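Take a look at the structure below.
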Amino acid sequence: MTQQQASYGFWRAAGKRLWADKLARFCMAVLVVYFLVAGAAGMGWVAKDWNEEVGVSYANPSFLGDDYPNPQGKNSIISQDVLVIDEKQKAVDPLAPYYEEIEKNAAAYEKAEVKPSWTLLLGGDKWGRDVLDKVIKAGQVSISIGLASALLAVFIGTVLGALGGYFGGKLGDLLEWFYNIFTSVPYILLVLAFAAVFGKGVSTVILVLGFVGWTGTYRLIRAEYIKQRGRDYVMAANAIGASHGRKMFVHILPNVSHLILVQLSQLVVDFIKAEVILSFLGLGVPTDSVSWGIMINEVMPELVLGKWWQLATVAVVMSTFVVSFGLFTDLLRDALDPKASRR
Amino acid sequence: MKLASIAGLSLFVAGLAGPVAAQPADMNKTLHTYFEAPESGFDPAKYSDHYSGEVNSSIFESLLAYDYLARPQTLIPRLSDLPQVLDDGKTFIFKIRPGIYFADDPVFKGKKREVVATDVIYTIQRIVDPNSRGAPWDFMFKGKVIGLDEKIEAAKNKPFDFDKPIEGLQALDKYTVQIKLKRTDYNLPYIMAAPATGLVAREAIEAYGENSEAHPVGTGPYMLKSWQRRNRIILVANPNYRGFQYKPVSGPGIEVDQAIAKQLEGKTFPRIGTIDIRVIETPQASWLSFQSAQLDIHPRLGNNYSKIVAPGNELSPKYKEMGWRYFREAEADITYYMFNMDDKVVGGNSLERIALRRAIALSYNQAKELSIIRNGQGLPAQSPLAPQINGYDPNFKNVLGRYSPSRGNALLDMFGYKDCDGDGLREQPGCKPLTITYMASTGADGRDQEELLLKGFGAIGIKLEIVKMNFSDLLKNRQGGTYQFAGGAWGQDYPDAENFMQLLYGPNAGPVNESRFRNKDFDKLYEQIAAEPQSEARNERLRQMSRIVAAYVPWIYNVNRIRTHIAHPWVSGYKPHPDNMPHWYYLDVDVEKQRAATSK
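Chains A and B, in that order, give the protein sequences.
FYI, the numbering for the first sequence is 1 to 343, going by my numbering.
FYI, the numbering for the second sequence is 1001 to 1600, going by my numbering.
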């Protein structure tokens, strides 16, 4: 009888271990929901109109009702007085001959007044934008910044770490020096310096975080390559004449990839938090976009007015994501490294 | 630093030993207040930031002053009598009052140093001396005083020659100084009341040299006791100070706050021995400090806090019960957006460019800026002028000012700004690309304003790009004319419309007239109003200037800010002044009540 179940492959075994954990399954479910919603927002299926003023200023959350006092609400309805243009003004106005034509043509642009709502599901912000839509859109921005910059950082860290660890010698020293100089600068200063050079925008936030955050991955991968390069299977590859590139990336890389995966998921969480700080400092995402960091930055003056719902929403949504992702990373690490099981 | 406090201490001891007649301040009394932004240094000629000015106004004295309670702002004698005006406002003669002394300082070698006419001449020359850190106040005298410009020119690469006499500045005798101008300027007396023209002693400035900002020696009621830069400033009463009693001026159209006048009656000032100023940059922190009685007065509450303290312009019952007093006043300032009139896209006076700027003005929602961003803490600005100054007409309205994106769209259609490539955004006439770049500083949190601008530009289909930089770079770009569209703000140096209209005067195009607006009619009117005293005809000329600005739109007016100030019940005599200076020397504290509140 042939043995059907000789042994699982490494990945399959790890997957099984992960799936066996209830908490891991729960976290994965939460993350899947977040990624789906972020994806849908990215495609414009949900929260497309997050920037529209659908409610009055600081519209109440639905469960508080229309009657809950909102003195700021009428701010959305007031408008400037329309004044009669007098003769003295006409006399100095080069556009005076066109007044009638302007009025005529403007009629085509007049839109039907949309009456802003006094309540929204999770309330409104100061402009009367829906906090629910806003937090979804912000989630899309924050999560994509986290993912993209983590990918960039891990890529840089892995390539440099592989080069340094595999070759060692002068090249390794050089990379070590570079690393030392880089880490001798305090993290937040480095981020600010990069941000000041690159200017503002989502792509620059990704670049900044990626360029600054690769150092941890680099150290880890370098150490792993030093360990692996003397192993038998590398010697064997050597014997059959494999090139350096092949040994580095075809033979050794799969054996350290679980570390990379863990690094990746850890950095996603770190970078989402870093984006919050950057946006808080005014260096993050630009004005026509929104992120969780921007929302947190906005709530300070709101709380003074007793408007707590934006803070509550963004706090719950963001901390759920960060906690789930953090737990998932932890469990993933355990699953990928059976020897270090903490149970 | 150390030297300063030792010097201060020895003076203090000398003061106690000397005759007590002059010094009415009670050294047991302390007033705690705060600055919302850090100071730079206490040399009036070198620094033009507001908070240094607040301290300078208590240490140094100008020849004239504004009456504390009279509104509108009214000049009164201080070191000199009100000037004699000759030659239709071209010659001014100031008579300094004898027997006014500088605070004691080691540079005077133990002798009392009296204020004389040559001090005025030295002070004015120092203000225009480029070596005074670039002379930030030189606009007050440059181009006006006969012979002064030649001296500035000569000082380009060498030290300023203070001793060479010029026709414009002469000491007629020990106490009389004559200032002669090239053209009529009725604002000169106001300038001689600005804190920047506070008199300095040449010996002190020369002895301390580069360090003069840490060793202010003036004639005013207070002296610098200790200074932790950007953190804490402590002032003590000047034992040499002559002391004074307050009597409000009276005259046609002058109103005086009688309740405060009662509090001040019969007292000799200053009353408070020590002024303790902390720099607290976070509005929340200063608010909490005031609540816990660590601050006695809290000038300039943050917008949201002023809403809490006094919603609907009345102190909320909770705080009324605690005896707080609150003051809400329109400040003599204006905020605005400006276009660079030399720019190839937004500048110029062709009809299509005027239409573009007008369309952008129509897309700006002034009502929302006021109600949502500023919580109602402002007035919708209607002209380049500010409240509380001569020539400001509260009834004048900018009839072209309106929020109407549909009219903006109509205007743009009519003048050829069409969407050529179908991306929903307009191009310039002839289908050249159109993007307007707005420059803003990273320091101030302007995100709310930027969101409002973006919304407006979106509504008329114009692409707006926002470029952020630090404030000094922004200022460099604005003054150098390397910008397209930016925000600005101006507060009074002296309470006259001329101080605001100069910002749009053609020949000032450059660092002063940052929008580089040049309009012959406007300039002609400006030259008239700059050289005539107040009158209804002048006010009409000012309105006409405002109409020209509204039509050509070098500026889009935002708001005149309203500020809310609060004080604890144990502080008496407190009233904010439109000149924005603190006037601590009119205040008094009830030490018993103050102690009781802080120990709670």
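We put the beta carbon where it would ideally sit given N, CA and C, even for glycine.
Since the model is a prediction, treat every value here as computed from it, not as a measurement.
- Taking C-alpha positions only, D1081/B is separated from S1052/B by approximately 27 Å.
- Annotation for Y1337/B: the continuous beta strand (DSSP E) segment containing it runs D1333 to F1339.
- Within the segment 114-133 of chain A, contact with chain B at the beta-carbon level (separation under 8 Å) is assigned to K126 and W127.
- Residue-level contact by beta carbon holds for A1410/B and chain A, with a gap shorter than 7 Å.
- Contact with chain A is absent for D1161/B, since none of that chain's Cβ atoms lies less than 7 Å from the residue's Cβ.
- Identification of residues in the segment 95-107 of chain A having a C-beta nearer than 7 Å to some C-beta of chain B yields L95, Y98, E101, I102, N105 and A106, given in sequence order.
- When the beta-carbon positions are compared, M1341/B and R1516/B come within less than 7 Å of each other.
- T1274/B: not part of any alpha helix (DSSP H); member of the beta strand (DSSP E) spanning I1272 to V1279, first to last residue.
- When DSSP assignments are scanned along the segment 1426-1483 of chain B, the uninterrupted stretches of beta strand (DSSP E) that are 3 or more residues long and fall wholly within it turn out to be 1435-1441 and 1463-1469.
- Contiguous alpha helix (DSSP H) elements confined to the segment 4-44 of chain A occur at 10-20 and 22-43, taking only those with 4 or more residues.
- About 5 Å separates the beta carbons of D1496/B and N1187/B, which is inside the 8 Å limit, making them a contact pair.
- Closer than 7 Å to the CB of D1496/B there is not a single CB belonging to chain A.
- Burial state of H1568/B is buried, judged by a 10 Å Cβ sphere holding 16 or more other Cβ atoms.
- Cβ-Cβ separation between V1120/B and L1172/B: approximately 11 Å, too far for a contact (criterion under 8 Å).
- Contacts between I188/A and chain B, judged by CB atoms closer than 7 Å, are missing: the closest CB pair is about 15 Å apart.
- Interface with chain A (7 Å Cβ-Cβ cutoff): R1402/B is included.
- In this structure, the alpha-carbon of L64/A lies about 14 Å from that of A312/A.
- Listed along the chain, the chain B residues whose CB falls inside 7 Å of the CB of N75/A are S1371 and I1372.
- Counting the other Cβ atoms within 10 Å of the Cβ of D337/A gives fewer than 16, which makes it exposed.
- Using a CB distance cut-off of 7 Å, K1320/B does not count as an interface residue toward chain A.
- Look at the segment 1111-1137 of chain B: it has no residue with a C-beta under 8 Å from a C-beta of chain A.
- If you ignore the 5 residues before and after G1573/B, its C-beta comes within less than 7 Å of the C-beta of I1260, Q1263, L1264, Y1586, L1587 and D1588, all in its own chain and listed in chain order.
- For E1450/B, the C-beta contacts it makes with chain A under 8 Å involve T287, in order along the chain.
- Taking C-beta separations shorter than 7 Å and ignoring five residues to either side along the sequence, the partners of N75/A in its chain run S57, following chain order.
- Note on N1558/B: 16 or more other CB atoms within 10 angstroms of its CB, so buried under the neighbour-count rule.
- In the same chain as D1088/B, and ignoring 5 residues on each side of it, the C-beta atoms closer than 6 Å to its own belong to T1184, in chain order.
- For P301/A, the nearest beta carbon of chain B is closer than 7 Å to its own beta carbon.
- When DSSP assignments are scanned along the segment 132-217 of chain A, no uninterrupted stretch of beta strand (DSSP E) that is 3 or more residues long falls wholly within it.
- At a cut-off of 7 Å between beta-carbon atoms, I1548/B makes contact with chain A.
- Taking a Cβ-Cβ threshold of 7 Å, the residues of chain A close to N1304/B are P301, V304 and L305, in chain order.
- Annotation: Cβ neighbours of A1551/B in chain A (cutoff 8 Å, chain order): Q89, V92, D93, P94 and L95.
- Of the other Cβ atoms in all chains shown, fewer than 16 fall within 10 Å of the Cβ of L1086/B; this residue is therefore exposed.
- Under DSSP, Y1552/B shares a beta bridge with no residue.
- A check of alpha carbon separations from P1024/B across K1164/B, P1239/B and T1118/B identifies P1239/B as the nearest.
- Remark: C-beta atoms of T1030/B and T1268/B do not approach each other more closely than 7 Å.
- In this structure V317/A is not in contact with V269/A, their Cβ atoms being roughly 14 Å apart against a cut-off of 8 Å.
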